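Novice:
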Amino acid sequence: MTLQFEDILQIIGEFNRFQKIQLCMICIANIPISWLSLSSTFLSASSDHYCRVTGNQTYTPGQSPLKNCTIPYTYSGDVLTWDTCKRYDNNASFLECRHPDDVVTECDKGWVFDRSIYENTVVHEFELVCEWDWMKQLSKSMVGVGQMAGAVVFGQFADIYGRKPLYITGLMLIIVFGVANAFSPCFFLVVIAQFLLAAYGNGVRLTGYVLSIESVGANYRIGCNVMNMVSFSFGYILLAGVAHGLKGNWRHIQLLSGIIFIVFIPYVWYVEESPRWLIQVGNFPRAKKIIKKAAKQNKVVLPENIIMFEKQQPGNNKVNDSLTQYTLIDILKRPRLRLRTLNLCFNWFAVSLVYWAISLNTDTLSGNPYLTFFISGAVEIPSALIYWLLLDKIGRRYMLCGAMVLSGVALVTSGKYGTVSTAFAMIGKFFSSMAFGITYLFSAEIYPTCVRNAGMGISSTSARIGTIIAPFVMLLISKWRPLPFFLMGVCTILAGLLVLLLPETRGQKLPETLEEGELFGRKTSRDDKNTEKSVLISEAENTL
Numbered sequence: 324m325t326l327q328f329e330d331i332l333q334i335i336g337e338f339n340r341f342q343k344i345q346l347c348m349i350c351i352a353n354i355p356i357s358w359l360s361l362s363s364t365f366l367s368a369s370s371d372h373y374c375r376v377t378g379n380q381t382y383t384p385g386q387s388p389l390k391n392c393t394i395p396y397t398y399s400g401d402v403l404t405w406d407t408c409k410r411y412d413n414n415a416s417f418l419e420c421r422h423p424d425d426v427v428t429e430c431d432k433g434w435v436f437d438r439s440i441y442e443n444t445v446v447h448e449f450e451l452v453c454e455w456d457w458m459k460q461l462s463k464s465m466v467g468v469g470q471m472a473g474a475v476v477f478g479q480f481a482d483i484y485g486r487k488p489l490y491i492t493g494l495m496l497i498i499v500f501g502v503a504n505a506f507s508p509c510f511f512l513v514v515i516a517q518f519l520l521a522a523y524g525n526g527v528r529l530t531g532y533v534l535s536i537e538s539v540g541a542n543y544r545i546g547c548n549v550m551n552m553v554s555f556s557f558g559y560i561l562l563a564g565v566a567h568g569l570k571g572n573w574r575h576i577q578l579l580s581g582i583i584f585i586v587f588i589p590y591v592w593y594v595e596e597s598p599r600w601l602i603q604v605g606n607f608p609r610a611k612k613i614i615k616k617a618a619k620q621n622k623v624v625l626p627e628n629i630i631m632f633e634k635q636q637p638g639n640n641k642v643n644d645s646l647t648q649y650t651l652i653d654i655l656k657r658p659r660l661r662l663r664t665l666n667l668c669f670n671w672f673a674v675s676l677v678y679w680a681i682s683l684n685t686d687t688l689s690g691n692p693y694l695t696f697f698i699s700g701a702v703e704i705p706s707a708l709i710y711w712l713l714l715d716k717i718g719r720r721y722m723l724c725g726a727m728v729l730s731g732v733a734l735v736t737s738g739k740y741g742t743v744s745t746a747f748a749m750i751g752k753f754f755s756s757m758a759f760g761i762t763y764l765f766s767a768e769i770y771p772t773c774v775r776n777a778g779m780g781i782s783s784t785s786a787r788i789g790t791i792i793a794p795f796v797m798l799l800i801s802k803w804r805p806l807p808f809f810l811m812g813v814c815t816i817l818a819g820l821l822v823l824l825l826p827e828t829r830g831q832k833l834p835e836t837l838e839e840g841e842l843f844g845r846k847t848s849r850d851d852k853n854t855e856k857s858v859l860i861s862e863a864e865n866t867l
């Protein structure tokens, strides 16, 4: 009888020194990886502006003789509002002001921007305002497009070529394009670079997540999941301080975001491939080498006969199947896996829509944008700790359902009560972040090893659709403030209720093959196999 990796973990340790070192390296890399997706909040931030009329003009927050004579304004009660896209057609001396009913024209000489909060953003430098305002949101949406591409490419290729090659390649490419983007001469190149960096960042994060989950036992998957989420959130919080320290200068933020990845070059030698995946694809010699290294680091004396893998023989369908390279098509061919995939995809979409709509648009909420961004990231840490404590007690399904429904209710409330909308938006973000973490773990546990990265990839791809449309959904605030929050809330509540149709994965062994994945959640008779494996494990333990 062949021992699966899950059984070998019981001998070498489910979460000892080897797994802790690997997890620590992956979590450290997650910190700046978060910047690749979230920095567009500051890179593409906007600020108050109005038409430029002279070459050396600077921004004036209140009234001034020049501003009073050249910029149309309106009163709403005692509130004075200046037009941001029009100016009076006044090319003469400003000694005599024109009246509000005079002819107005476009801002043909550009704009002056309030740089008290953001020193220089993409919006300032390339003047993405008025009729070009949609391009600001486009640059944020390109983050979602890049994440989608990264999820598909890295997800599929990591199941074919291995987790480590894709992980390391992504880290190295981030250095190249991260630094290059800091010197982009035009907006088009900025958008391309944001797309590529988001693709590499999401691919690295997704692959690193699978690497960490596949190397530990069932009892420690939640802890690994939480550490992955918290490290990303820590990077989120840190970015608020970095952006504030660099005064919102987009080129400086981008340059730092690329250079910092140089410290991860040693990962080429220290990050290990997933032995679970190596066993699945039949690379037994390399799997044995890594398992022996893990046993040595975990201070476990591993008997030679404990790693007994079946040799490939003609007609041995089990081994032949393990060597087959599967794709997303194979997932969709199986009815149960297909339905579960559609369910998971909708949940990923809904939770991502909320998460990124708030994360990438904190500058549209009230208050100091750096502080609001900091709070938006800080709420993720207690949410992760809460589901860490409760997930094994309540179960994946009910925790995810509850988090999604509560997030939806908070968002609907946020749109209804404008005076405290930011507070309720942060509550919605709190539960959305909790749901995001649970969704990652839930999906990884439902998909079998042979297609786990591909399954996570298609799920993450659905999430990126939410990321792509999130900036444009938030544009609806200008039409009717409650509308985007209401739409996101209803979508989230519906997705949460659909979670109840998925199987519970708490305490279950990870499925290895497509057949196990299809039968997962159904009661099957495996007593004979489990008995035989227990005998092998017992004999091995007796030799220690």
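With the numbering used here applied, the sequence shown covers 324 to 867. Just so you know, even glycine gets a beta-carbon here, dropped at the ideal spot from N, CA and C. Note that the coordinates shown come from a computational prediction; the quantities given were computed from them, not determined experimentally.
#1: Which class does E429 belong to by DSSP, given the choice of helix, strand or coil?
#2: Answer with buried or exposed for S439, where buried requires no fewer than 16 other C-beta atoms within 10 angstroms of its C-beta.
#3: Quick test of your reading: I761 and L676, contact by CB under 8 Å. State the CB separation rounded to the nearest angstrom.
#4: Since G751 and I816 should fall inside the 8 Å C-beta cutoff, what is the C-beta to C-beta distance between them, to a whole number of angstroms?
#5: Do the region 769-777 and the region 439-458 touch if we need at least three Cβ pairs shorter than 8 Å?
#6: Within the chosen definition, does the region 706-716 reach the region 559-578 through at least 3 CB pairs nearer than 8 Å?
#7: Looking at the unbroken alpha helix (DSSP H) that takes in R845, where does it start and where does it end?
#8: With DSSP as the reference, label L625 as helix, strand or coil.
#9: Quick check on L806: does DSSP put it in helix, strand or coil?
#10: Work out the CA separation of I681 and M555 for me, nearest whole Å.
#11: Decide yes or no for the touch test of the region 402-413 against the region 459-473: beta carbon pairs closer than 8 Å, at least 3 of them.
#12: Skipping 5 residues on each side, what residues in its chain have a beta carbon closer than 7 Å to that of F289?
#13: Please classify A863 as buried or exposed, where buried requires at least 16 other C-beta atoms within 10 Å of its C-beta.
#14: With a Cβ-Cβ cutoff of 8 Å, do F747 and V702 count as a contact?
#15: Quick check for students: name the residue ranges of the beta strand (DSSP E) that lie wholly in the region 706-781, counting only runs of 3 or more.
#16: Quick one: what does DSSP say C509 is sitting in, helix, strand or coil?
#17: Tell me whether C668 is buried or exposed, calling it buried when 16 or more other Cβ atoms sit within 10 Å of its Cβ.
#18: Under DSSP, the beta strand (DSSP E) around L403 begins and ends at which residues?
#19: Ignore the nearest five residues each way along the sequence and tell me which others in I331's own chain have a CB closer than 6 Å to its CB.
#20: Out of E596, C392, A758 and Y559, state which residue places its alpha-carbon closest to the alpha-carbon of L489.
#21: Between G789 and A673, what straight-line distance do the alpha-carbon atoms span, to the nearest angstrom?
#22: Just reading off the beta strand (DSSP E) that S584 is part of, what are its end residues?
#23: Quick one, are the C-beta atoms of Y396 and T404 less than 8 Å apart?
#24: Quick one: Cα of T428 to Cα of D412, how far?
#25: Using a Cβ-Cβ cut-off of 6 Å (strictly less than) and excluding sequence neighbours within five positions of C453, which residues of its own chain qualify?
#26: Taking C-alpha atoms, which residue in M757, G700, S699 and G568 lies nearest to G725?
#27: On the criterion of 16 or more Cβ atoms from any shown chain inside 10 Å, does E827 qualify as buried, or is it exposed?
#28: For I349, which option in A541, C547, E839 and R720 has the closest C-alpha, if you only look at C-alpha atoms?
#29: Could you tell me which residues DSSP puts in a beta bridge with K409?
#30: Can you name, in chain order, every residue of its own chain whose Cβ lies under 8 Å from the Cβ of I582, other than the five neighbours on each side?
Specialist: Judging by the given coordinates:
#1: strand
#2: exposed
#3: No, I761 and L676 are not in contact; Cβ-Cβ is about 16 Å, not under 8 Å.
#4: That belief does not hold up - the Cβ atoms of G751 and I816 are roughly 11 Å apart, past 8 Å.
#5: no
#6: no
#7: From DSSP, R845 is part of no alpha helix (DSSP H); its letter is neither H nor E.
#8: coil
#9: helix
#10: For the record, residue 555 in the displayed sequence is Phe; it is not Met. C-alpha separation (whole angstroms): 16 Å.
#11: no
#12: The chain is shown only over 324 to 867; residue 289 falls outside these bounds and no answer can be derived.
#13: Bear in mind that a pLDDT of 46 at A863, under 50, signals an unreliable position, so the number given afterwards is only what the model happens to contain. That one is buried.
#14: no
#15: none
#16: coil
#17: buried
#18: V402 to W405
#19: none
#20: E596
#21: 7 Å
#22: As written in the sequence, residue 584 is Phe, which differs from the Ser given in the question. Neither: F584 is in no beta strand (DSSP E) and is coded neither H nor E.
#23: yes
#24: 6 Å
#25: C408
#26: M757
#27: exposed
#28: C547
#29: E429
#30: I498, G501 and V502
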